[in-house]
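Chains as they are written, first to last, in the working numbering: chain A, 1 to 327; chain B, 1 to 320; chain C, 1 to 307.
The next block holds one structure in the form of C-alpha cells; read it before the comments.
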Amino acid sequence: MAAYALRRLGQSLLVLALMSFLVFVGVYAIGNPIELLVNPEADDAERARAAQALGLDKPLLVQYGVFLLHAAKGDLGRSFVYNIPAIQLILQRLPATLELALTATVIAILIGIPLGLVAGLKPDSWIGRSIMAGSIVGFSLPTFWVGLVLIMVFSVQLGWLPPNGRGATVSLLGVPVSFLTLDGLRHLAMPALNLALLKLSLLIRLTRAGTRETVLQDYVKFARAKGLPMRRVVGVHVLKNIMIPIVTVIGLELGSVIAFAIVTESIFAWPGTGKLLIDSINQLDRPVIVAYLLVIVAIFIVINFVVDVLYSLLDPRVRIGSAAPAH
Amino acid sequence: MSAVLEVEGLRTHFFTRSGVVKAVDGVALSLERGRVLGLVGESGCGKSMTGYSIMGLVDEPGRIVEGSIRLEGRELVGLDAEAWRKLRGDRIAMIFQDPMMTLNPVLRIDTQMVEAVRAHHHVTRAAALDRCREALAWVGIPSPDERLRAYPHQFSGGMRQRVAIAIALVNRPALVIADEPTTALDVTIQGQILFEMQRLCRESGAALIWITHDLSVVAGLADEICVMYAGRIVESGPVDAVLDAPLHPYTRGLLESIPSRNAPGRPLAQIPGMAPPLDQLDAGCAFRSRCPRAADACRVAPPVSRPAPARTLRCVRPLA
Amino acid sequence: MRIAADRAPLEDGRAVRAESPWRRFAAEFAQSRLALLGLALLVLLAAVAIAAPWIAPQNPYDLAQLDVLDSRLPPGSESLAGKTYWLGTDDQGRDMLSAILFGLRISLTVGVASTVAALALGLALGLAAAYFGGWLDAAIMRIADIQLSFPAILIALILLAALGQGVGKIIVALVTVQWAYYARTVRSAALVERQKEYVEAAKVLALPEARIVFRHILPNCLPPLIVVATVQVAHAISLEATLSFLGLGLPITEPSLGLLIANGFQYLLSGKYWISFYPGIALLVTIMAINLVADQLRDVLNPRLKR
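Next comes the structure, spelled out in C-alpha cells:
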C-alpha cells in the first residue's frame, strides 16, 4: 500500500513538472504584455527598460529556469496588473471558487442520487421516463444559458435573488465563507444551482444505470428471498454497490466542476479564480495565468490521488484481497 | 395430512411485446414435512419459475394468473406484497444456483445473516448473531466468528453455498426451495452438499424442493420426483417407481440419455429435436414433435391421469 | 454488425427469413418515439442551416441592410420598411431570426467538422495503438489519459488564448480536446477484436496487415464509435458556444449561437431578453435533438442490455 502511494506520488510530481513546462511555454507564446502595461506613447527605450524590469528580455529557457527557481521557493511572479504576488492573488480568490464548486457538488448529490434511484427502480414508469427525459434536457442545456435564464427569472422578473457578486462572509477556520450568512446564501443560490446542473444529469444517469444493473443481480434476488423490506434492499444492498463507482466519478468530476466554475463565475460575477483567469487572459497577465494553471493542476493531482485511495478503501474486494480460500 | 405445500393448477404467464410466454402452465404438486421433492426438467421448462411463483418473486411482465398455492394450509395466491414478504425467508426460503453472486460482495457475512433474522423477528443483534452461529454450525462451518466478520469474496464457492444454505435455514422454514444449488460447484463438493441438505431436512422437518436438470442427483436425494416439460408436469410419483418404470416417453428419453446408462462404444441415446419456445405452445401435447409414440390423439392436451396411487401422468399413449 | 440468427425451422419445415442487420437496427432504433423526434428535428435543423442564405429574411452580415434605428426592438415589431422582426432585433438592428439561422449554420459546421477531424485522428491513433502495441500503445494511451483527466474547457481555453481567434483555431482546439475519446474507444474495441480467432487465421494466411485492420477489425469497432461521435457532436457544439460566450471563440464577423448569446447578455438586466434568449433556445433544441438520437443509439448498440 505504501509502495503504491509513493509510486503515485512520484508520478504526480512528474506530471506537475511536465505541465508546468507546457503551461509556461504555452502562455508565453501569447502576445506581448508590454503593449498593455506601457503607455502607447512610450518610446523604445522606455519599453526596453520596462521589459528588463519585468524580466521579459531574456531568452525563453532562461526565463523558465528563473521561473522554476522562484516556484520552488513558492514565488510564482508578480501580477503585471495588480502588482502583488500571483500566488497570493490566486489563493485569495480560491476559497470563493471552492465554496461554489463544493456547494454545487453537494446539491447535485442530494438531488441526483435519489432521482437516479427512482429512475433505475422503475425505468418504464412515467416517473422513471420523465426523470430520464429531464436529465437529457439538463444535459443538453448549455450551462451559461441556464445561468442567463436564472437571472432573467429570479433577478429581473421576480427580484428575489441578486444577479451577481458574493454575499457577506464570515471566517471559518481562518477561511472566509459565505454560506453561513443569509445574505451569502442568497448570492450563492443561483450560481451553485447553475453549476450543479452540469453534474446533476450525469449523476442521475449514472445512478440509474448502476441501479438497473444491480437490481438484476442475484444477490438482490436473494435479499428479497430473505424477506427483507424493499427499503433495506434498495437502501443497503443496492446503494452500497452503486456508491463505489459513483463516489469515484464524483471525485474525478470535482476537478471539472472547479474548472467549469469559470463560466459560472463570469456570468454571475462571482469573485473566484475563474473570473480572475478570464480577465488575466484578456489582459495578458501571464504570471497569474501560470499560477492559476499550476494551482489547478496541483488540486487535480491531489483529488485524483485521494479518489484512488478512497476507492481502494471502499471496495472490500480491493481492500482485503482474497485470503486463501477456506473450505 | 401434514402437507406443507399444496399447489394446484398453477399458471404463471409473462405478457411480453412478442406474445404471452406460458412459463408455468398448470402445475400441481404436494409435499409433506421432511420430504424431498425433485423437480426435474431441461433448461427453460419452467421449473425455476415454479419455484419463484411459490416464493412470490415473479416480476413484471410476469404474474400468477391462476391457481392455488397453499403453504401450511394458508393460501398464498392473492396475498398482498407485505404479507408475502413476511413469509419469505421465514416460512419459505430459497437457495440459488450461483454462490458467487448470491451473496452481496460489499457486505459482511454477519450483516447479511443478521438481517435475515431481524427482518422477521424482533430480537437484539446479539441474539440474532447467536442464531446465525447455530445455523453455521448446522452446515458444518467451524469457528463461525471468524467467518462472520469476513466478506464473501474471501470464501470458496462451496463455502459460500453453505453460508447461503445457513441463511435459508436460520429461521427454520417449513419449506426450502433449492434452485440448482450445486450445478456451479465441482463434483466432490456437490456430493457433500447434497448429503448435508438431506440430513438437515430430515432433522429439522423442513420440506425441500430440489430443482435440477440432473436426474442422477435426484435419484440419490429425493423421495418424490416431478418431471416438467414446457411448463407442465408430465409425470410424477415416488422416485424409485418413476425411475425404474417410467410411464411418460419423455421421462424414458431423459433416463436413456444419461451417459452411464448407455453401453460403452455405442452412440449416446438422445431425444431428437429441441424443446419448443414457451411462447409458441399450441393446444396439444407439447412433446409430440419429439415423441416416438406420437399419434393423432396427441393433438389434444392430455389431461392429468392417475395410473397408480401417488403417481400422476399427462400422456394418452404411455409406455405401459 | 452481427447478423440476426435464423430461427430454427418450425415443425412443418417453414423457415423464417433472416433479417438484414440494417433493417433490424432501424426497427430497434424506431422503438423510441423520442429518438425519432430527435432525428426529425436534426434533419430539420440541418436543412434550415444549409438553406440559411436563401431562406433568411435578411443577411445579418450585410451592413448595408442594417438600420441602427431598428435596434433592440422586441419580437413581433415591424421595421420602417414594413418587414416583421419575428424574434426582435439586436443592438445593431440585426434581425434575430436571420442571425439565429446563420449562427446555427456556423455552430453546426464547427461542431460537425471538429468531430469528423477528431474522429479521424482518434481512429488512426487508436487503431495504431491497438495493433502495434508496445511502447507506441503505452505512449499514446498515457497522453490520452493525462489529457482526459483535465477538463476540456480548461485545455481549450488555454489553447485558444495562445492561438487567437478564428474558425480554424477553434476547430484545432476542439479536435485537441476530443481525439482522446475516440482513440480510447477504438483501442478497446480493436483489442477485443484482435484477440478473436479470425484475426489469427488471417495472419496465418499472411494477409497484408493493412487489409486485416481495415476489412476485419475496423468494421467491428464502428458501433461504439458511432455512439461516441454522436454524443461528441453535441459536446463540441456546446463547448464552442461556451468558449464564444467567454469571448475566446469565433470572431465577431462569424457569430455562432454562443456569440449571439454573449452579445445579448448585457441587455438582460434591462429586460431585453430576446437578444440572448432565442439563440439559446436554438442551441438548446439542437443539442437536445442530438442527445436524444445518441441515447437511443447507445441503447440499441449496447450488447449488455440485450435481453
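Positions of the beta carbon are idealized from the N, C-alpha and C atoms, including for glycine.
Because the structure is a prediction, the values reported are computed rather than measured.
Identity of the residue in the options nearest residue i by Cα
i      : options                           : result
C/A240 : C/N220, C/L269 and C/Q165         : The identity of residue 240 of chain C in the sequence shown is Glu, whereas the question assumes Ala. Checked all of C/N220, C/L269 and C/Q165; the closest Cα to C/E240 is C/Q165.
B/H153 : B/L169, B/P99, B/V21 and B/C201   : B/P99
B/V323 : B/C201, B/V36 and B/L254          : The displayed coordinates of chain B run from 1 to 320. Any statement about residue 323 of chain B would go beyond what the structure contains.
B/E203 : B/V36, B/D25, B/V218 and B/A3     : B/V36
B/G158 : B/Q192, B/R317 and B/P264         : B/Q192
B/V58  : B/R91, B/D90, B/F15 and B/V300    : B/F15
A/G106 : A/V247, A/G120 and A/V153         : The sequence given here places Val at residue 106 of chain A; Gly does not occur at that position. If we check each option's Cα against that of A/V106, A/V247 comes out closest.
C/P57  : C/L42, C/R24 and C/F102           : C/F102
B/R149 : B/I109, B/T312, B/S236 and B/R125 : B/I109
C/K169 : C/L148, C/P151 and C/S244         : C/S244
C/I50  : C/R105, C/P60 and C/A138          : C/R105
B/F287 : B/M49, B/G253 and B/K86           : B/G253
A/V66  : A/P287, A/S312, A/L314 and A/L206 : A/P287
C/A234 : C/K83, C/L154 and C/V293          : C/V293
B/I141 : B/I233, B/I165, B/G26 and B/G273  : B/I165
Bridge partners - residue i, DSSP secondary structure assignment
i      : result
B/E32  : B/A3
B/V179 : Contrary to the premise, residue 179 of chain B reads as Asp rather than Val in this sequence. Paired residues: B/I211.
C/Y267 : Partner(s): none; C/Y267 has no beta bridge.
B/L37  : B/I209 and B/E224
B/V27  : B/L10
B/A93  : B/V176
B/E235 : B/V227 and B/L313
A/P176 : A/S171
B/E66  : B/R11
C/S77  : C/Y85
B/P20  : Correcting the residue identity first, residue 20 of chain B is Val in this sequence and not Pro. B/F15, per the DSSP bridge assignment.
C/L37  : C/L37 is not bridged to any residue.
A/P85  : A/R78
B/R88  : B/I92
Cβ shell of residue i (< 8 Å), same chain only, five flanking positions each side left out
i      : result
A/F21  : Y64
A/I303 : G251, L252, L254 and G255
B/C45  : M228, Y229, A230, G231 and A275
B/A283 : R299, V300 and A301
B/I92  : I54, M55, L71, P173, A174, L175, V176 and I177
A/T181 : G167, A168, T169 and V170
The ligand COA heavy atom lying under 6 Å from the CB of residue i
i      : result
A/L150 : For the ligand COA, the structure offers nothing, since it holds no ligand at all.
Own chain partners of residue i with C-beta closer than 6 Å, once the 5 adjacent residues on each side are dropped
i      : result
A/S322 : Because A/S322 carries a pLDDT of 48, less than 50, the predicted location of this residue cannot be relied on, and the following value inherits that uncertainty. Answer for A/S322: no residue qualifies.
B/L29  : V7 and C226
A/M19  : V297
A/I131 : L115 and A119
A/P163 : I151 and S155
Inter-residue CB distance, residue i and residue j (contact presumed, cutoff 8 Å)
i      : j      : result
C/I287 : A/S135 : Actually they do not touch by this definition, with Cβ atoms about 13 Å apart.
B/H120 : A/G227 : 6 Å
C/S276 : C/I261 : 5 Å
A/G167 : A/D183 : 4 Å
B/M113 : B/V170 : 6 Å
A/A291 : A/A86  : 4 Å
B/P105 : B/Y151 : 7 Å
B/L268 : B/N262 : 5 Å
C/L174 : C/S256 : The Cβ separation is near 12 Å, so there is no contact.
Sequence-distant residues of its chain with Cβ nearer than 7 Å to residue i (five each side left out)
i      : result
A/L36  : Caution applies to A/L36, whose pLDDT of 47 falls short of 50 and renders its modelled position unreliable; the value that the coordinates give is listed next. Only Q283 and L284 meet the Cβ criterion.
A/V220 : T214, V233, H237 and V238
A/Y82  : L89
A/L9   : none
A/P191 : L100, T264, F268 and W270
C/L73  : Y85, G88 and T89
C/G134 : none
A/I278 : I262 and S266
Which runs of the alpha helix (DSSP H) fall wholly inside the stretch 271–315 of chain B and span at least 4 residues, in chain order?
Secondary structure within the stretch 271–315 of chain B: not one fully enclosed alpha helix (DSSP H) run of 4 or more consecutive residues is present.
Just to confirm the assignment: which complete alpha helix (DSSP H) runs, minimum length 4, are found wholly within the stretch 191–262 of chain A?
As far as the stretch 191–262 of chain A is concerned, its whole alpha helix (DSSP H) runs of at least 4 residues are 218–225.
Runs of 4 residues minimum, wholly inside the stretch 87–156 of chain C: which ones carry the alpha helix (DSSP H) assignment?
Taken in chain order, the complete alpha helix (DSSP H) segments of 4 residues or longer contained in the stretch 87–156 of chain C are 96–132 and 134–148.
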